[in-house]
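**Student:** First residue of the sequence shown: 282, per the working numbering; consecutive thereafter. Positions of the beta carbon are idealized from the N, C-alpha and C atoms, including for glycine. Note that the coordinates shown come from a computational prediction; the quantities given were computed from them, not determined experimentally.
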Amino acid sequence: MRAVLLSLLLVIRTISVCLAQSTGNLSGGFESNSVYYINDKAPDAASPDDRFGSNNFLKLDYTKGKFSAGVVYEAYLPVLQGLPSELSGQKITFKYASFQDEKLTVTVGDFYEQFGSGLALRAYEERLLGLNNSIEGVKVAYRLNDFMQLKAVYGRPRKYLQRAESQLRGLNYKLEVSRLFGWSKSAVSVEASYVNRYERYTGTSESVNPNVNLFSFQGQLQRGAFSLKGEYVYKTADPAIYNDNMQKDGSALLLEAGCNKDHTGVLLTVRRLEYMDFRSSRSTVGLTEVANYTPALTRQYTYAIANLNPYAAQSNGEAGGQLDFFHFFPEGSLAGGESGLNFSANGSAYYNLMGTAETGFSFTQTGKTLFYRDLNFDLNKQWNSRLKTTLVFSSQTFNPESIGEKGGSYHAQIAVADIVYRFNQKRSLRIEAGHLYKKQQDRNWASLNLTYELAPSWSFFTSDLYNYGGNGVHYYNAGASYSRSATRVALQYGRNRAGYQCAGGVCRLMPAYTGANLSLTCSF
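(1) Considering only residues of the same chain and omitting the five flanking positions on each side of I684, which have a CB-CB separation below 7 Å?
(2) Where DSSP assigns a beta bridge to F606, which residues make up the other side?
(3) Check the C-beta distance from E512 over to S497 and give it rounded, since I have them as a contact under 8 Å.
(4) Would you check if the region 512-529 and the region 489-496 touch, i.e. whether three or more CB-CB distances between them fall below 8 Å?
(5) Leaving aside the five residues before and after D745 along the sequence, list all residues of the same chain whose C-beta is less than 6 Å from its C-beta, in chain order.
(6) Give the C-beta separation of L549 and L604 to the nearest angstrom, bearing in mind that I take them to be a contact with Cβ-Cβ under 8 Å.
(7) Alpha carbon to alpha carbon, how far is C783 from V387? Give it in angstroms, no decimals.
(8) Given a cut-off of 7 Å on the beta-carbon distance, is the pair A356 and V476 in contact?
(9) Report the three-state DSSP secondary structure of V566 (helix, strand or coil).
(10) Leaving aside the five residues before and after P576 along the sequence, list all residues of the same chain whose C-beta is less than 7 Å from its C-beta, in chain order.
(11) What are the uninterrupted segments assigned as beta strand (DSSP E) that are 3 or more residues long and contained completely in the region 653-710, given in chain order?
(12) Determine the DSSP secondary structure at L589, reduced to helix, strand or coil.
(13) Distance check for S629 and N588, CA to CA, integer angstroms please.
(14) Would you list the one or two residues that DSSP bridges to Y513?
(15) Can you find the residues in the same chain that come closer than 6 Å, C-beta to C-beta, to V697, ignoring five residues on each side of it along the sequence?
(16) In three-state terms, what does DSSP make of L368?
(17) Can you tell me whether S313 is helix, strand or coil according to DSSP?
(18) Relative to the C-alpha of L442, which residue among Y774, E619 and F338 is closest?
(19) Smallest Cα separation from N705: which of E734, C803 and A473?
(20) CA-CA distance, Y582 and T802?
(21) Going by DSSP, name the residue or residues bridged to L402.
(22) Since Q677 contacts S620 with CB under 8 Å, what's their CB separation in whole angstroms?
(23) What's the gap between the Cα of G760 and the Cα of P329?
(24) To the nearest angstrom, how far is it from the Cα of V566 to the Cα of R789?
(25) Tell me, please, whether the region 344-351 touches the region 367-386 by the rule of three or more beta-carbon pairs shorter than 8 Å.
(26) Excluding five sequence neighbours on each side, which residues of the same chain lie with their C-beta closer than 6 Å to the C-beta of V419?
(27) Could you please give me the residues that DSSP links to V489 through a beta bridge?
(28) Around the Cβ of Q667, are there at least 16 other Cβ atoms within 10 angstroms (buried) or fewer (exposed)?
(29) Relative to the C-alpha of F559, which candidate in R553, F375, R552 and E570 has its C-alpha closest?
(30) May I ask you to report which of helix, strand or coil DSSP gives F559?
(31) So, does the region 596-610 touch the region 540-548, judging by three or more C-beta pairs under 8 Å?
(32) Using the Cβ count rule (16 or more neighbours within 10 Å means buried), how would you classify S766?
(33) Can you say whether R332 is buried or exposed, counting buried as having 16 or more other CB atoms within 10 angstroms of its CB?
(34) With C-beta atoms as the reference, is A433 less than 7 Å away from L410?
(35) Do V316 and G796 have their beta-carbon atoms positioned less than 7 Å apart in this structure?
(36) Would you mind stating whether S596 and L568 have Cβ atoms separated by less than 7 Å?
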């Protein structure tokens, strides 16, 4: 580890000296997350053979005028427990050179990209989940005028620290209709995308096409307080491990309608997925080599006790949606009192598709199997300059069938109280207390989190997640962090339960462990 850090510092110093006389700009960042694992008698909390894990990232970017270039160096020494073991090692995994002016952008090397909402194509990075599906190749974007843009991508997607054998090609066309016709009161746009994956097939079946094609059509309308968005994707047959080698076409429909006016906001989202699991290789499962983006469209909780059983989207077959509602009761109103009151509510439900693979699925009706349902609301009030409170209530139904397990659905009732008190401009205390009531599976849970902030640099916390209705285990954690300028160092020790870790509606199952965690982030 010391040799790697010294090498990274030498690289940074060398580049800085070489560019010292340049009129360009060098920027970058370093991130390190290391864990020392401890043997623990808690359920499933076995430490790996190598008790140390460390994920490290160095990013350097250089810009001069219309040109830019950069690299990302990754070192997994070894990779943290729960992430793919194939990531262990070190390598420059991302490098690019780019030219950009008012109309033309050309990138050669590695890049990230998204067409539409990502249903057809999304290349992105999520370090928390060990996910990176960047594309190595060429990306060209050209703005013909102020209302029309074309984009083309070609390359090989990333596979762990290497590149997949497949090739991805994509075209995207966007037309801003309102600019074309000079509509000043409305914003209207349409978008069309084409994505192709070519992967050589060496099997014996003559029905497998090495090409998989996706066609996406999207439209958006914004007028005053109202908004409307829709996207439809058609996907040709893609027999693979991740869909039981079904020779079936896929499709996706996403609709959003919203209104935000006079302290009130409403947003309705509806989505249907059928055989929309799309990867850069036919032989992968899990989060490996995912080429599109089908996140769970449910509320994403920041409270651990409300996130014990998060929903994972069923890319090969689900239908449902969610409704968000927000209202601010102003100062002086009956509910708002002297300082006002924020109220928000959310409801989501997802079902299987009606029909079978043999007879086909209904496009307009859902099946009878409920995968997930969540009904929740928040009350948020800033009482004065010192005191702020948030109350959260949630009623969740989770079907283990959605993650490939057997058994009946779980029904959980959750309540959280979040209180922040500021003693002065520098010192504050946050108290978060929660309870989950459930008759099934691991039954009842209680949580408590205390965070003391000493601005602008120090933060201290201690927490406990207690499964008092099940195995009786306390999942405790305590730690501190120090921040100065663009650098942050954090150290914590504790016991972590096995479960799903989520980011942006995408989740990975992580094992239980007990240990000490040291993290460092800095930018320059």
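**Tutor:** By the coordinates alone:
(1) A593
(2) V547 and A626
(3) 6 Å
(4) yes
(5) L729, H755 and Y757
(6) 5 Å
(7) 33 Å
(8) Judged by beta-carbon spacing, V476 lies beyond the 7 Å limit of A356, meaning their Cβ atoms are not closer than that value.
(9) coil
(10) A594, G785, G786 and V787
(11) 668-679 and 691-703
(12) coil
(13) 15 Å
(14) DSSP lists F498 and L534 as partners of Y513.
(15) Y584, V673 and G715
(16) helix
(17) In this structure, S313 counts as strand in the three-state DSSP scheme.
(18) F338
(19) E734
(20) Answer to the nearest angstrom: the Cα atoms are 24 Å apart.
(21) F396
(22) Rounded, the Cβ-Cβ distance is 31 Å, inconsistent with contact.
(23) 23 Å
(24) 12 Å
(25) Output reads yes: the region 367-386 touches the region 344-351.
(26) Around V419: V389 and Y435.
(27) For V489, which the question treats as bridged, DSSP gives no partner whatsoever.
(28) Note that residue 667 corresponds to Arg in the displayed sequence, not to Gln. R667 comes out exposed.
(29) Nearest C-alpha to F559: E570.
(30) Under the three-state reduction of DSSP, F559 is assigned to coil, being neither helix nor strand.
(31) Look at the beta carbons and you see the region 596-610 touching the region 540-548: at least three pairs across the two are nearer than 8 Å.
(32) exposed
(33) That one is exposed.
(34) Taking a C-beta distance under 7 Å as the contact criterion, A433 and L410 do not qualify as a contact pair.
(35) In contact: G796 and V316 (Cβ atoms closer than 7 Å).
(36) Not a contact, by the Cβ cut-off of 7 Å.
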